[in-house]
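Asks: Pasting a structure below so you can have a look.
Residue numbers (our numbering): 80 to 480.
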């Protein structure tokens, strides 16, 4: 009888632990839905976003990316947009809002992923929480979250999941999501490469299995894309769009450090002004990990992947979305910084609650035009909204057919 009671008690404790384990990420997800939802879904449909939207409409019609609408980035973003269009057709919804809803969902999931990444890398729930709250305040990422489709929004989700699963040594899923990030933007191929490298460098007893799982995870999305293009008889378009155009016809101009640094600063300072201090502190914390001894594997995925985006940014940094790839690093770095300071406090609850409230106020405050008018102008260049654009398009159609 006593054994039965102990068993029931242990089961009850396990259930509570599982609920608690899910409750925090789900709470973060709900908070992201609330904050990002405040921006609304009526933001202007920018030229680049319209390309991905139209590409998604063509995908829904059975025409693969590159074959119908050409863009030199990977094919996955218009395919995700195509998923949104298909959903809109099934339920009779507006296709633009549905596509934006799909990309909005990836943005919200990214915040929950950042929480898990910070928690796992720094082995601190508090570090994960403050990483997520910090990420919510990144205006340059938050504003297009519901006013896209911004192609790099799902890319950051895949990047975060790739790093998270690499930290946990779940090689298949790390390779899988790293491969998805590559299919959004070719330069993210560095992430699945690092996953495979870390797997190969495991101790001899686990090396083969780790490398095999990583290779399988990387291969699944790539083979699925190849099969999709083969089915549509469009493999040549895939090769041209993913590789040939970028290596043969895309001219980036000569390298000039001074204008590059000036442009980079302008595209970081304004869109991320309200969180500039946490960004700088967070990146500094990550850079300090390179000198940390003794070596701990949990930092390896972060430290080995970071040089790739840095080196590319030195060569070519154009817009605020080029900084997206660094945002998870900055967020978890600042989360770790806060957690470390709170550990030294005799009564950490009060300062923790105060700082969490400040970060949340900043994130919500970013949604007010009066606070971020300069940043909004930098990102969109206009105050026109989607309903105004539609009214103009309908007027043109009515006048000229």
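Idealized CB from N, CA, C, for every residue including glycine.
1. Only counting the same chain, and skipping five residues up and downstream in sequence, which positions put a Cβ closer than 6 Å to that of residue 240?
2. Do the region 177 to 187 and the region 344 to 358 make contact, defined as three or more Cβ pairs closer than 8 Å?
3. Going by other Cβ atoms of all chains shown within 10 Å of its Cβ, with 16 needed for buried, is residue 389 buried or exposed?
4. Is residue 313 closer than 8 Å to residue 143 when the C-beta atoms are compared?
5. Does the region 441 to 455 come within contact of the region 203 to 220, defined as at least 3 CB pairs closer than 8 Å?
6. To the nearest whole angstrom, what separates the beta carbons of residue 360 and residue 416, a pair I think is in contact under 8 Å?
7. With contact counted as at least three CB pairs below 8 Å, one residue from each stretch, are the region 134 to 141 and the region 152 to 165 in contact?
8. Confirm, please, whether the CB-CB distance from residue 380 to residue 235 is below 8 Å.
9. May I have a chain-ordered list of the alpha helix (DSSP H) segments no shorter than 4 residues that lie completely inside the region 245 to 290?
10. Take the Cβ of residue 452 as the centre, count every other Cβ of all protein chains shown within 10 Å, and call the residue buried at 16 or more, exposed below.
11. Where do the N-terminal and C-terminal ends of the alpha helix (DSSP H) with residue 375 fall, by residue?
12. Going by DSSP in three states, residue 80 sits in which element: helix, strand or coil?
13. If contact is defined by three or more beta carbon pairs under 8 Å, each pair taking one atom from either stretch, is the region 286 to 300 in contact with the region 123 to 133?
14. Just checking, does the region 371 to 386 make contact with the region 268 to 279 on the three C-beta pairs under 8 Å criterion?
15. Could you give the distance in angstroms between the alpha-carbon of residue 462 and the alpha-carbon of residue 223?
16. Are there 16 or more other CB atoms within 10 angstroms of the CB of residue 170, so buried, or fewer, so exposed?
17. Going by Cα to Cα distance, which pick from 479, 122, 469 and 411 is closest to residue 201?
18. Measure from the alpha carbon of residue 237 to the alpha carbon of each residue in 300, 140 and 423, then state which is nearest.
19. Would you mind working out which of 431, 356, 310 and 343 sits nearest residue 393, comparing C-alpha positions?
20. Measuring CB to CB, does residue 123 end up less than 8 Å from residue 464?
21. Measuring alpha carbon to alpha carbon, tell me which residue in 254, 190 and 323 is nearest residue 145.
22. State the Cα-Cα distance for the pair residue 346 and residue 264, rounded to the nearest angstrom.
23. Rounded to the nearest angstrom, what separates residue 375 and residue 190 at their Cα positions?
24. Give the range of the alpha helix (DSSP H) segment to which residue 136 is assigned.
25. Using beta-carbon positions only, say whether residue 194 and residue 120 come within less than 8 Å of one another.
26. Kindly indicate the opening and closing residues of the alpha helix (DSSP H) around residue 163.
27. If you follow the alpha helix (DSSP H) that residue 487 is in, where does it begin and where does it stop?
28. I'd like to know whether the C-beta atoms of residue 413 and residue 357 end up nearer to each other than 8 Å.
29. Taking all protein chains shown into account, do 16 or more other C-beta atoms lie within 10 angstroms of the C-beta of residue 409, making it buried, or fewer, making it exposed?
30. Specify, as a first and last residue, the run of the alpha helix (DSSP H) that residue 204 falls within.
31. Using the beta-carbon count (16 or more within 10 Å), is residue 211 buried or exposed?
32. Ends of the alpha helix (DSSP H) at residue 225?
33. State the DSSP-derived secondary structure class of residue 313, mapped to helix, strand or coil.
Replies: In short, the structure shows the following:
1. Taking residue 240 as the centre and dropping the five residues before and after it, the same chain places the C-beta of 192 and 256 closer than 6 Å to its C-beta, in chain order.
2. With the rule of 3 Cβ pairs closer than 8 Å, the region 177 to 187 does not count as touching the region 344 to 358.
3. Exposed is the label assigned to residue 389, since fewer than 16 other Cβ atoms lie within 10 Å of its Cβ.
4. Contact: yes.
5. Yes, since at least three Cβ pairs between the region 441 to 455 and the region 203 to 220 fall closer than 8 Å, the two stretches touch.
6. The pair is a contact, with the Cβ atoms about 5 Å apart (cut-off 8 Å).
7. Between the region 134 to 141 and the region 152 to 165 there are three or more C-beta pairs closer than 8 Å, enough to call the two in contact.
8. The criterion of a C-beta distance shorter than 8 Å is not satisfied by residue 235 and residue 380.
9. Within the region 245 to 290, the complete alpha helix (DSSP H) runs of at least 4 residues are 250 to 263 and 269 to 279.
10. Under this definition residue 452 is an exposed residue.
11. Looking at the DSSP string, residue 375 is not in any alpha helix (DSSP H), and its letter there is neither H nor E.
12. Below a pLDDT of 50, predicted positions are generally treated as unreliable, and residue 80, at 48, falls in that range; no measurement from the model is reported.
13. Flag = no, the region 123 to 133 and the region 286 to 300 do not touch.
14. Output reads yes: the region 268 to 279 touches the region 371 to 386.
15. Our two residues, residue 462 and residue 223, have alpha carbons roughly 14 Å apart in a direct line.
16. It counts as exposed.
17. Selection 479, 122, 469 and 411 evaluated against residue 201 yields 411 as nearest (Cα-Cα).
18. Out of 300, 140 and 423, 300 has the C-alpha closest to the C-alpha of residue 237.
19. Residue 393 has its Cα closest to that of 343, out of 431, 356, 310 and 343.
20. Yes, they are a contact pair.
21. The shortest Cα separation from residue 145 among 254, 190 and 323 belongs to 323.
22. If I take the Cα positions, the gap works out to 19 Å.
23. Between the alpha carbons of residue 375 and residue 190 lies a gap of roughly 25 Å.
24. Start and end: 126 to 139.
25. No; because the gap between Cβ atoms is not below 8 Å, this pair is not in contact.
26. The continuous alpha helix (DSSP H) containing residue 163 extends over residues 155 to 170.
27. Residue 487 is absent from the structure shown; the chain starts at 80 and stops at 480.
28. Against a cut-off of 8 Å, the Cβ pair of residue 357 and residue 413 comes out as a contact.
29. It counts as buried.
30. First-last of the alpha helix (DSSP H) with residue 204: 204 to 215.
31. Buried: at least 16 other Cβ atoms inside 10 Å.
32. Here residue 225 belongs to no alpha helix (DSSP H), and DSSP marks it neither H nor E.
33. In this structure, residue 313 counts as coil in the three-state DSSP scheme.
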